[in-house]
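Chains as they are written, first to last, in the working numbering: chain A, -17 to 272; chain B, 2 to 160.
Cβ coordinates follow ideal geometry from the N, Cα and C atoms, glycine included.
First the structure, in the form of structure tokens, and then the observations on it.
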Amino acid sequence: MKPSKFAYVNAKTLDEALLSLKQPESKIIAGGQSLVPLMNYRLSQPSTLIDISSIIELSQISVQDHKLEIGSLVTHNQAITSKDITKFLPIISFALEHTAHKTIRNSGTIGGSAAHADPSAEWPLLIMLLDCSINIISYKNSRTILAKDFFISELTTDLKEDEIIKSFNFPKIKQNYGWSFEEIVQRSGDFALFSAGSIIEIDHNIIVNSKLCVGGAGETPIRLSNIEALIKGKNIESNFDNIKNDQFLSLLDPTSDEHASMEYRLHIGPQVIRNVLINSIQNYKDNKND
Amino acid sequence: MINKSEITITVNGERFNEVVEPRMLASDFIREQLKLTGTHVGCEHGVCGACTILVDGKTTRSCLKFAVQLNGSIVETIENFGSIEKLDRIQAAFKKNHALQCGFCTPGFVITVKELLETEKLETDEDIRRGLSGNLCRCTGYENIVKTVKELIQTRKSY
Chain A
-17 MKPSKFAYVN AKTLDEALLS LKQPESKIIA GGQSLVPLMN YRLSQPSTLI
33 DISSIIELSQ ISVQDHKLEI GSLVTHNQAI TSKDITKFLP IISFALEHTA
83 HKTIRNSGTI GGSAAHADPS AEWPLLIMLL DCSINIISYK NSRTILAKDF
133 FISELTTDLK EDEIIKSFNF PKIKQNYGWS FEEIVQRSGD FALFSAGSII
183 EIDHNIIVNS KLCVGGAGET PIRLSNIEAL IKGKNIESNF DNIKNDQFLS
233 LLDPTSDEHA SMEYRLHIGP QVIRNVLINS IQNYKDNKND
Chain B
2 MINKSEITIT VNGERFNEVV EPRMLASDFI REQLKLTGTH VGCEHGVCGA
52 CTILVDGKTT RSCLKFAVQL NGSIVETIEN FGSIEKLDRI QAAFKKNHAL
102 QCGFCTPGFV ITVKELLETE KLETDEDIRR GLSGNLCRCT GYENIVKTVK
152 ELIQTRKSY
């Protein structure tokens, strides 16, 4: 339960961190809440550990015309207490209250959670749900990638060895909308056995657009594009009664692990998804009456 | 090449200049190099909460930080919370309500409770239980710990 030996670099600037990444078997550490357990178990044995936690430019949250840009070092608790995030995308603050425990949320970061890519974690689900794009930088160039191309499979992303996640672009939602997030856990703070989030945009009581995403249901968070297409144009009073369980399940691919069986996940999935759809409509109605 | 790093750190108000190997966990550094053995090491992978300390005023799992990362930080451990002769108010409430038996998890609980009292509303038992959910206790069944926190809420000045 002790990490193997490594050299430590406390990078003060992004350039210094990117240059250090050229060393073989180097690894970035931010909050360390996923990486250090892996190192303690020696499942991860980097030769060089590059600490980016003091690069201040990566811990900013900025509001721009069409988006919120969240720096990769923003901690879960920083996001939960951010007035800007609560104002523009309250689903983020709400969902992150479910991430581990307060102590872990003091250190854990959005960049670390995205790079770790646990398909049942909250940040990956939110990133996929909210059509986020991710700004990535290497020593040679920089690029922006869509969430759907970033998450490849369980614990695997498109991030290359010489790259660092700089920030996340969350588009603002222009239309009036309702939102909901729900997850099933054995104990408060555990990874979700199944989770779902939704955003439903509404105009004159008609669903004009929606985003629906599930976690713990496959190798990455999964957008349920079939359901999104199905409910478009429907009246908000339709209650989604006509959607069959099979339709909710058609894009899911959960596995069994020590916490829950595949059958259990497929059993609770439709109910959780139905709940977030209904609760999103209710959330829209509640806010309208305020 | 494995570098050793010199770190300057303030622990419980005292300044230390120490040389550490990068792989040394903060929990081992505090216990073995500073000889402050009140911070307990349970699971060593961030699950049990026994090693919780305060770093720059915020709770931190010391088994999930490397000592070298604490360079320049202000750290508070359970040793700063009172003495056997004069327990601090959280410790006294734990004792009064039998919120411990073997005591292994207690340093982590006391530090977690301090942060909860200062930062959370804690309006319901569920709020309290959610706040405590990152710390494991194998003796009490949690009932008396929840009772202790409820009592402490009554007498807190502000949060």
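*CB contact check: G14/A to chain B, cutoff 8 Å*: yes
*Report yes or no: is there a C-beta of chain A within less than 8 Å of the C-beta of G14/B?*
no
*Can you list, in chain order, the stretches of the alpha helix (DSSP H) that have 4 or more residues and sit fully within the region 198 to 224 of chain A?*
207 to 213
*Measure the C-alpha to C-alpha separation of R131/B and L65/B and round it to an integer number of angstroms.*
21 Å
*Between which two residues does the beta strand (DSSP E) harbouring S44/A extend?*
I43 to V45
*What residues of chain A sit near V150/B, judged by a beta carbon separation below 7 Å?*
In chain order: nothing, as chain A lies at least about 14 Å away.
_I need the boundaries of the alpha helix (DSSP H) containing I129/B, first residue and last residue._
D126 to L133
*Of all the CB atoms in chain A, is at least one closer than 8 Å to the CB of H41/B?*
no
*Quick one: Cα of C138/B to Cα of P19/A, how far?*
21 Å
_Strictly below 7 Å CB to CB, what residues from chain B border P(-15)/A?_
R24
*Label K84/A either buried or exposed according to how many other C-beta atoms from any shown protein chain fall within 10 Å of its C-beta, with 16 as the threshold for buried.*
buried
*Of the listed residues L37/B, P23/B and S6/B, nearest to E15/B (C-alpha basis)*: L37/B
*Distance, Cα to Cα, E1/B vs A(-1)/A?*
A question about residue 1/B goes unanswered here, because the residues of chain B that appear run from 2 up to 160.
*Select from M25/B, N145/B, E33/B and L35/B the residue whose C-alpha is nearest the C-alpha of I91/B.*
N145/B
_Within chain B, the residues that H83/A reaches when beta carbons sit closer than 7 Å_ = S134 and G135
*Measure the Cβ-Cβ separation of N224/A and I188/A and say whether it is below 8 Å.*
no
*How close, in whole Å, do the beta carbons of V196/A and Q157/A come, if the pair is a contact with beta carbons under 8 Å?*
No, V196/A and Q157/A are not in contact; Cβ-Cβ is about 23 Å, not under 8 Å.
*Should L234/A go down as buried or exposed, given a rule of 16 or more other Cβ atoms within 10 Å for buried?*
buried
*asked:* Please tell me whether E144/B has its Cβ less than 8 Å away from any Cβ of chain A.
replied: no
_Short of 8 Å Cβ to Cβ, which residues in the region 59 to 70 of chain B face chain A?_
K59, T60, T61, R62, C64, L65, K66, F67, V69 and Q70
*DSSP three-state call for F230/A: helix, strand or coil?*
helix
*Min CB distance T113/B to chain A below 8 Å*: yes
_Strictly under 8 Å for the Cβ-Cβ distance: is A(-11)/A near chain B by that measure?_
yes
*Roughly how many angstroms lie between the CA atoms of S232/A and M244/A, to the nearest whole one?*
14 Å
_Proximity of S36/A and K(-6)/A at Cβ, strictly below 8 Å_ = yes
*Going along the chain, which unbroken runs of the beta strand (DSSP E) with 3 or more residues stay wholly within the region 99 to 145 of chain A?*
115 to 119, 124 to 128 and 133 to 135
*beta strand (DSSP E) segment containing G53/A, residue limits*: K49 to G53
*The alpha helix (DSSP H) enclosing A94/B, as first and last residue numbers*: R90 to K97
*Secondary structure at I182/A, three-state DSSP: helix, strand or coil?*
strand
_Can you check whether the C-beta of F107/B is within less than 8 Å of a C-beta belonging to chain A?_
The sequence shown places Thr at residue 107/B, rather than the Phe named in the question. With 8 Å as the cut-off, T107/B does not count as an interface residue toward chain A.
*Spatial neighbours of L71/A in its chain, beta-carbon cut-off 7 Å, leaving aside the 5 residues before and after*: L50, L112 and F152
*For E164/A versus N257/A, is the C-beta distance shorter than 8 Å?*
yes
*Cross-strand partners of E19/B (DSSP beta bridge)*: I8/B
*Hey, how far is the Cα of K5/B from the Cα of M25/B?*
10 Å
*Taking C-beta pairs closer than 9 Å, name the residues in chain A that E116/B reaches, listed in chain order.*
K84, T85 and N88
*Interface residues of the region 48 to 62 of chain A facing chain B [CB-CB below 9 Å]*: N59
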